[in-house]
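First residue of the sequence shown: 1, per full-length UniProt numbering; consecutive thereafter.
Take a look at the structure below.
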Amino acid sequence: MALPLYIPKCIQSPAHCFHPPPLDRPVRINIEGPLVSIQKLLPEVSWHFDVHENKFQQASSKLAELTYRTLYGHDVRLSVENDMIVRDEYLGWVDQKNEIDYYGVTFDHLVPADDYFPEVLQINICEVDEDGGEYANTYLPFTVDPAEYIGKKILAVPRCCQRRKGTTDRSRVNGSVTQKDLIRQGYDQEVMRRLLIAYGVYSTKIPDKKFDKVPQPRTCIAPGEQ
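This is the structure we're talking about:
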C-alpha cells in the first residue's frame with residue numbers, strides 16, 4: 001500500500017512565498033530523496049536501471065503528479081496550459097553497480113517556454129524509517145518524531161524549513177534542466193557538464209557527513225547541494 005506524501009506547514013513567520021506556492025505563480029519544482037522513500041510512495045511503479053537509457057523513469061510523472069497534488073490540493077489541471085510539465089530527473093547511481101539509491105524529478109508549473117531561469121522550489125524527502133529520524137533531526141530545524149512517520153507517511157520538507165540555505169538551488173536545478181535540453185538536441189554531455197561547472201552553475205562540493213543507512217546524492221556524478 002502506498003504511503004502518503006506529507007509536507008508540513010512552513011515554520012517561518014511569515015510563511016515563505018513558496019510554502020505553499022500560489023496556484024497562479026510560475027515555479028520550477030524539484031523534489032528528491034532516497035529511492036527507498038520513493039518506492040513507499042509509488043510501490044506499483046516499475047524501474048529501469050540503464051545508465052545509457054535516455055527515457056524518463058515511470059516514476060517521474062507519478063512523483064510530479066503526487067507532489068503537485070500535495071502542494072496545491074487538487075490534481076493537475078489538464079485544461080490549463082503548462083500546468084505541470086516534467087523537465088528533468090536525477091538518478092543517484094551506486095558506484096560500480098547498475099542500480100540507484102536516490103531519485104528526484106523536476107517539473108514546471110506555468111513556466112513560460114522562454115523562461116530559462118525561473119524561480120525554484122526545492123523539496124527534500126527525508127527517510128525516517130531507515131535511521132529512526134537521525135538524518136531528519138540533523139538537517140531540519142524542528143524535531144521529527146519517528147513514531148509519527150514510520151510506516152505511516154513520508155516526510156518532505158521545502159528548503160525554507162531546512163538548516164541548509166539552498167543558495168545554489170536555483171542555478172543548480174535550472175542548469176540541470178538546460179543541460180538535459182541541450183543533450184537532447186545533440187550536444188555532448190561531458191562538455192555541457194564541464195561548461196556549467198566552469199560557470200559556477202554546478203557545485204562539486206562533497207557533503208561533510210554521510211549516513212550509512214540513508215542514501216545520499218552521489219556528488220561525484222551530479223552537483224551537490226549547499
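C-beta: ideal position from N, C-alpha, C; glycine also.
What separation, rounded to the nearest whole angstrom, lies between the Cα atoms of residue i and residue j?
{"i": "R170", "j": "Y199", "result": "14 Å"}
{"i": "D88", "j": "N82", "result": "15 Å"}
{"i": "G73", "j": "T106", "result": "19 Å"}
{"i": "L155", "j": "G132", "result": "13 Å"}
{"i": "Y187", "j": "T143", "result": "45 Å"}
{"i": "E1", "j": "I150", "result": "Looking at the sequence provided, one finds Met at residue 1 rather than Glu. About 14 Å."}
{"i": "E190", "j": "L196", "result": "10 Å"}
{"i": "Q179", "j": "I85", "result": "17 Å"}
{"i": "L110", "j": "R28", "result": "9 Å"}
{"i": "Q185", "j": "P14", "result": "43 Å"}
{"i": "P146", "j": "D24", "result": "35 Å"}
{"i": "N30", "j": "D108", "result": "9 Å"}
{"i": "Q57", "j": "P43", "result": "14 Å"}
{"i": "K209", "j": "E134", "result": "Low per-residue confidence applies at K209: pLDDT is 41, beneath 50, and the placement is therefore not dependable enough to give any value."}
{"i": "F117", "j": "L91", "result": "22 Å"}
{"i": "residue 228", "j": "D101", "result": "Residue 228 lies beyond the range of the chain shown here (1 to 226); nothing can be said about it."}
{"i": "D181", "j": "V94", "result": "25 Å"}
Hey, quick one: how far does the alpha helix (DSSP H) through residue i stretch, first residue to last?
{"i": "D181", "result": "169-184"}
{"i": "E89", "result": "Note, E89: premise wrong, no alpha helix (DSSP H); beta strand (DSSP E) at 85-93."}
{"i": "R193", "result": "189-198"}
{"i": "R69", "result": "58-72"}
{"i": "L41", "result": "35-41"}
Going by DSSP, what residue range makes up the beta strand (DSSP E) through residue i?
{"i": "residue 229", "result": "Missing from the structure shown is residue 229; the chain here goes from 1 to 226 and no further."}
{"i": "P158", "result": "154-158"}
{"i": "Y102", "result": "100-109"}
{"i": "Q162", "result": "Run containing Q162: none; DSSP gives neither H nor E here."}
{"i": "N124", "result": "120-126"}
With the cut-off set at 8 Å, would you say residue i and residue j are in Cβ contact?
{"i": "P34", "j": "E127", "result": "yes"}
{"i": "A64", "j": "V45", "result": "no"}
{"i": "L71", "j": "P20", "result": "yes"}
{"i": "Y68", "j": "V80", "result": "no"}
Measure how close the beta-carbons of residue i and residue j come, nearest whole angstrom, since I'm counting them as under 8 Å.
{"i": "E32", "j": "N124", "result": "6 Å"}
{"i": "L121", "j": "F18", "result": "5 Å"}
{"i": "Y103", "j": "I38", "result": "5 Å"}
{"i": "L5", "j": "K152", "result": "Wrong, their Cβ atoms sit about 12 Å apart, outside the cutoff."}
Is residue i a contact residue of the ligand GTP, with contact defined as CB to any heavy atom under 7 Å?
{"i": "D24", "result": "Ligands displayed in this structure: none; no statement on the ligand GTP is therefore possible."}
The stretch 149-164 / the stretch 5-24 touching (three or more Cβ pairs under 8 Å): With three or more CB-CB distances shorter than 8 Å, the stretch 149-164 counts as touching the stretch 5-24.
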